[in-house]
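Okay, so the sequence shown: first residue is 7 according to this note's numbering, each after it adds one. Have a look at the structure below before the remarks.
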Amino acid sequence: MENKTGSVDYEIAASVSSVTLNPSTAKTITVGEKFTFTAAIEPTDAADKTVKWIVGGTDAVKLYSDEACTTEVGTEATELLTVYARGVTPGSAVVTVTSAADSSILASCNVTVSGSYPVWVGGTQVTSENMNDVLGDADEGASVRYTPAMGSTPATLTLRGAAITSTGTEDSHEEAAIYAEGDLTIDVTADSTVTGPDNGSGHSYGVYSGGSLTVTGSGTLTAGGGTSTNGDSCGVYAPRAITVNGTLTTAGGEAQSGSYGVYAYNGAVTVNGELTAEGRTSTNSDSYGV
7 MENKTGSVDY
17 EIAASVSSVT
27 LNPSTAKTIT
37 VGEKFTFTAA
47 IEPTDAADKT
57 VKWIVGGTDA
67 VKLYSDEACT
77 TEVGTEATEL
87 LTVYARGVTP
97 GSAVVTVTSA
107 ADSSILASCN
117 VTVSGSYPVW
127 VGGTQVTSEN
137 MNDVLGDADE
147 GASVRYTPAM
157 GSTPATLTLR
167 GAAITSTGTE
177 DSHEEAAIYA
187 EGDLTIDVTA
197 DSTVTGPDNG
207 SGHSYGVYSG
217 GSLTVTGSGT
227 LTAGGGTSTN
237 GDSCGVYAPR
247 AITVNGTLTT
257 AGGEAQSGSY
267 GVYAYNGAVT
277 VNGELTAEGR
287 TSTNSDSYGV
């Protein structure tokens, strides 16, 4: 029997060694502005050149597969190495691209979306520039910090020893010491007060939320409505549910229409913490705490 020997040529598939992202330096855009991210895989003959795109931090930025920004890029593995980023709301986000073959191989870029939020504190609108100290030197020794909504988590105002008032009457947001157009959580880390304006012809609110409202934290929030000669006065108002997980003391002011401590127009009031609420004199309507 004759023995034969030989060799077989074969190639070992290359593994991913690095992922780069362009741009990679921090970028600031405005709401509605868009730009492209392009990822590169090394080596170019890697067996698996698919990637995963991730946006972390906030919902300020969304990624799309098309220039018109109509089809969002998911978090599953994809062959897309170029995506379109669009600013959708003020805030900061981190865009990360990872190798689908090895999640430890990645590249990131910080993106800030500048602009304003539909929240006012003492007549000052919250913006991407002032969100970490909304009132600045106007409330020395205290702080008001805003955290944008993220997914199902609503926007949060964190109050530490703040005393917030509003004196304006021209716009609806000036009728409240704290005014938010959507859902809001107020986290009170040290005792704080909010006092609505004395409005001759309008409503007055300590806190006005256009959605649901949650009060939480280790400190006490004292909220009061001002005097209103031609409207309602509410310590705390929301058209949906109001939940008290911390300590809330609230009272409506003297009013022509109605004076309410807590007014959940179309929702329930749930108290898991402590609530003290009262209404005051109302000329032509109701007066009650809750």
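Every residue, glycine too, gets a C-beta built ideally from N, C-alpha and C.
So, are the CB atoms of L141 and V127 less than 9 Å apart?
Working through the sequence shown from its first residue, we reach residue 141 at position 135. Working through the sequence shown from its first residue, we reach residue 127 at position 121. Between L141 and V127, the C-beta spacing is below 9 Å.
Along the chain, where does the beta strand (DSSP E) that runs through G232 open and close?
Here residue 232 is taken as the residue at index 226 of the sequence shown, counted from 1. No beta strand (DSSP E) contains G232, which DSSP labels as neither H nor E.
I believe G168 touches V150 by the beta-carbon criterion, under 8 Å. Please report the beta-carbon distance rounded to the nearest angstrom.
Numbered from its first residue, the sequence shown carries residue 168 at position 162. Numbered from its first residue, the sequence shown carries residue 150 at position 144. In the sequence as presented, Gly is not what sits at residue 168; that position holds Ala. Sure, about 5 Å apart at Cβ, within 8 Å.
Meets three-Cβ-pair contact criterion under 8 Å: the region 190 to 207 and the region 154 to 165
Judged by Cβ distances under 8 Å, the region 190 to 207 makes contact with the region 154 to 165, as three or more pairs qualify.
So, are the CB atoms of T195 and A183 less than 9 Å apart?
By 1-based counting over the sequence shown, the position of residue 195 is 189. By 1-based counting over the sequence shown, the position of residue 183 is 177. Cβ atoms of T195 and A183: not closer than 9 Å.
Measure the alpha-carbon distance for T159 versus T64 and round it to whole angstroms.
Counting from 1 along the sequence shown, the entry for residue 159 is found at position 153. Counting from 1 along the sequence shown, the entry for residue 64 is found at position 58. Taking the straight line joining both Cα atoms gives about 10 Å.
Provide the residue(s) that pair with A169 in DSSP beta bridges, ordered along the chain.
Within the sequence shown, numbered from 1, the residue matching residue 169 stands at position 163. Bridge partners of A169: T199.
Rounded to whole angstroms, what is the Cα-Cα separation between A244 and L219?
Translated into positions along the sequence shown, residue 244 becomes position 238. Translated into positions along the sequence shown, residue 219 becomes position 213. Straight-line measurement puts the Cα of L219 at about 6 Å from the Cα of A244.
What span of residues does the beta strand (DSSP E) with E284 cover, start to end?
Here residue 284 refers to the residue found at position 278 when the sequence shown is read from its first residue. Under the DSSP assignment, E284 falls in the beta strand (DSSP E) whose first and last residues are E280 to E284.
Would you list the residues sitting across from D238 in a DSSP beta bridge?
Taking the first residue of the sequence shown as position 1, residue 238 is located at position 232. For D238, the pairing in a beta bridge is given by DSSP as G264.
As assigned by DSSP and simplified to three states, the class of E78
If you number the sequence shown from 1, residue 78 lands on position 72. Correct three-state label for E78: strand.
Looking only at C-alpha atoms, which of T276, G267 and T282 sits nearest to D292?
Residue mapping note: residue 292 aligns to position 286 of the sequence shown, counting from 1. Of the listed residues, the one whose Cα sits closest to D292 is G267.
Taking the C-alpha atoms as reference points, what is the distance between V250 and E187?
Mapped onto the sequence shown, residue 250 falls at position 244. Mapped onto the sequence shown, residue 187 falls at position 181. Going from the Cα of V250 to the Cα of E187 covers about 19 Å.
Please classify T42 as buried or exposed, where buried requires at least 16 neighbouring CB atoms within 10 angstroms.
Sequence index remark: in the sequence shown, residue 42 carries index 36 (1-based). The residue is exposed, with fewer than 16 neighbouring Cβ atoms inside 10 Å.
What would DSSP say about E180, mapped onto helix, strand or coil?
Residue 180 sits at position 174 when you count from the first residue of the sequence shown. In the structure shown, E180 sits in a helix (DSSP, three-state: H, G or I).
What are the start and end residues of the beta strand (DSSP E) that includes I60?
Here residue 60 corresponds to residue number 54 of the sequence shown, with the count starting at 1. Where I60 is concerned, the enclosing beta strand (DSSP E) stretches over V57 to G62.
One question on the structure: do V67 and V94 come within less than 9 Å of each other, judged by their Cβ atoms?
In the sequence shown, residue 67 corresponds to position 61, counting from 1. In the sequence shown, residue 94 corresponds to position 88, counting from 1. V94 is positioned such that its CB atom lies closer than 9 Å to that of V67.
Measuring alpha carbon to alpha carbon, tell me which of D143, G97 and E73 ends up nearest T88.
Position 82 of the sequence shown, counted from the start, is the residue given in the question as residue 88. Checked all of D143, G97 and E73; the closest Cα to T88 is E73.
What three-state label does DSSP hand G212 in the structure shown?
Here residue 212 refers to the residue found at position 206 of the sequence shown. DSSP places G212 within a strand segment (E or B) once states are collapsed to three.
Whether S30 touches A52 by CB criterion (9 Å)
Within the sequence shown, residue 30 is the residue found at index 24, counting from 1. Within the sequence shown, residue 52 is the residue found at index 46, counting from 1. Not in contact: S30 and A52 (Cβ atoms no closer than 9 Å).
For the beta strand (DSSP E) that A107 lies in, which residues bound it at each end?
Working through the sequence shown from its first residue, we reach residue 107 at position 101. Run containing A107: none; DSSP gives neither H nor E here.
For the beta strand (DSSP E) containing I248, name the first residue and the last one.
Counting from one through the sequence shown, the residue named residue 248 turns up at place 242. Its beta strand (DSSP E) spans residues I248 to V250.
What is the DSSP secondary structure of V14, reduced to helix, strand or coil?
Here the question's residue 14 lines up with position 8 in the sequence shown. At V14, the pLDDT of 49 sits below 50, so the modelled position is not reliable; the number obtained from the coordinates is stated separately. If DSSP states are grouped into helix, strand and coil, V14 belongs with coil.
Would V100 pass as a contact of W59 if the rule is Cβ separation under 9 Å?
As a working note, residue 100 is residue 94 in the sequence shown. As a working note, residue 59 is residue 53 in the sequence shown. Not a contact, by the Cβ cut-off of 9 Å.
Would you mind reading off the limits of the beta strand (DSSP E) that contains L87?
Working through the sequence shown from its first residue, we reach residue 87 at position 81. Premise fails: L87 is in no beta strand (DSSP E) and is neither H nor E.
Taking the alpha carbon of T228 as the reference point, which residue from T81, D143, G258 and A83 has its own alpha carbon closest?
Taking the sequence shown and counting its residues from 1, the one referred to as residue 228 is at position 222. Of T81, D143, G258 and A83, the residue nearest in Cα terms is G258.
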